[in-house]
């Protein structure tokens, strides 16, 4: 497959996901479902950007493993900080 065509497909997918994110509020009225779907879409966009535009797809698996480990640790730390900020608040 032509590399330029592949990048255009990934770009089109990112634009489509952004459009869904913008119009998502009219689809989901429940706040928890809205946030969950929004985070899922943001995660898929981050994976597409990392794999294709930052060329992680073509790197050795060991480098991709270290990036994934770093993302998991960063996500856990951010999640813990959000929990700590919202403990005791109704």
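In our numbering, the protein residues as written are 1000 to 1089.
Backbone N, C-alpha and C define an ideal beta-carbon position, used for all residues, glycine too.
Values in this document were obtained by computation on a predicted structure and should not be read as measured data.
Cβ-Cβ distance between residue i and residue j below 8 angstroms
i: residue 1036; j: residue 1027; result: yes
Spatial distance of residue i from residue j (CA atoms)
i: residue 1033; j: residue 1039; result: 10 angstroms
i: residue 1063; j: residue 1050; result: 9 angstroms
i: residue 1061; j: residue 1068; result: 11 angstroms
i: residue 1013; j: residue 1073; result: 23 angstroms
i: residue 1077; j: residue 1024; result: 24 angstroms
i: residue 1048; j: residue 1079; result: 25 angstroms
i: residue 1009; j: residue 1058; result: 18 angstroms
Nearest-angstrom Cβ-Cβ length linking residue i and residue j, presumed shorter than 8 angstroms
i: residue 1066; j: residue 1055; result: 6 angstroms
Top-ranked residue by Cα proximity to residue i, from the options
i: residue 1042; options: 1058, 1029, 1017, 1003; result: 1017
i: residue 1007; options: 1052, 1081, 1045; result: 1052
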